[in-house]
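**Q** So for the sequence shown, full-length UniProt numbering puts the first residue at 1; every next one is plus one.
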Amino acid sequence: MTESLKALIEACRQGKADYQDLMDRVPYARFLGIELRVQGEELTFVLPKNPENIGNPTLPALHGGAVAGFMEQAAIIFILLEMGEPKVPKTIDFTIDYLRAGLFRDTFAECRITRLGRRIANVHISAWQKRREEPITIARAHFLLSEENN
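#1: Taking ARG13 as the reference, which of LEU43, ASN53, PHE31 has the closest Cα?
#2: Starting from ALA68, follow the beta strand (DSSP E) in both directions and report where the run begins and ends.
#3: Closest by CA to ILE113, which one among GLU133, ALA127, ARG140?
#4: Of all the options ALA11, LYS49, VAL26, LEU36, which has the alpha carbon lying nearest to the alpha carbon of residue 166?
#5: If you drop the 5 nearest sequence neighbours on each side, which residues of the same chain put their C-beta closer than 7 angstroms to that of GLY64?
#6: Which of the three DSSP states, helix, strand or coil, is assigned to ASP106?
#7: Whole angstroms is fine: what's the gap from ARG100's alpha carbon to ALA109's?
#8: Smallest Cα separation from ARG132: which of LEU116, LEU145, CYS111?
#9: Measuring alpha carbon to alpha carbon, tell me which residue in LEU5, LYS130, ARG115 is nearest ALA75.
#10: In the structure shown, what three-state DSSP assignment does LYS6 receive?
#11: Assuming ILE120 and LEU103 make a contact with CB atoms under 8 angstroms, what is their CB distance in whole Å?
Spelled out as structure tokens, the structure:
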């Protein structure tokens with residue numbers, strides 16, 4: 001399984017496989033319906049509008065947990081692609097700031113690795129709906145990449 005995952009990650013990085021094949025291998029990402037769009041070397045994660053993700057039906061607004069889960073999954077998959085290794089990062093810490101209501105529409109996210117070491121990765125995630133310059137949430141996450149002591 002690990003070798004096939006590594007081969008899929010490498011094929012995605014080389015443009016020989018569809019990134020969605022990797023997304024569909026992650027059960028929670030598949031459950032949320034997360035999509036991955038590639039433009040050049042830029043990756044944009046998409047949480048398609050889905051009635052199952054509504055938290056406040058009056059507005060209607062997305063459930064904060066669905067948005068947070070989307071952002072965390074985006075960061076994990078982004079790290080997998082950056083590292084090229086089939087080891088799934090383990091979340092150490094995830095801090096999210098909700099800036100405005102996430103309305104019932106598609107939500108987009110981009111990730112930026114602020115530090116990638118041998119054992120720890122720090123990632124900044126930004127999610128928006130209308131314009132990238134107006135995020136609905138931002139998050140900072142720290143991931144354990146390896147439990148080895150070397």
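Don't be surprised by glycine CBs; every beta carbon is placed ideally from N, CA and C.
**A** The short version:
#1: LEU43
#2: Segment 64–83 is the alpha helix (DSSP H) holding ALA68; no beta strand (DSSP E) there.
#3: ARG140
#4: Given a span of 1 to 150 for the chain in the structure shown, any question on residue 166 remains unanswerable.
#5: GLY55, TYR98
#6: coil
#7: 15 angstroms
#8: CYS111
#9: ARG115
#10: helix
#11: 35 angstroms between Cβ atoms; not a contact.
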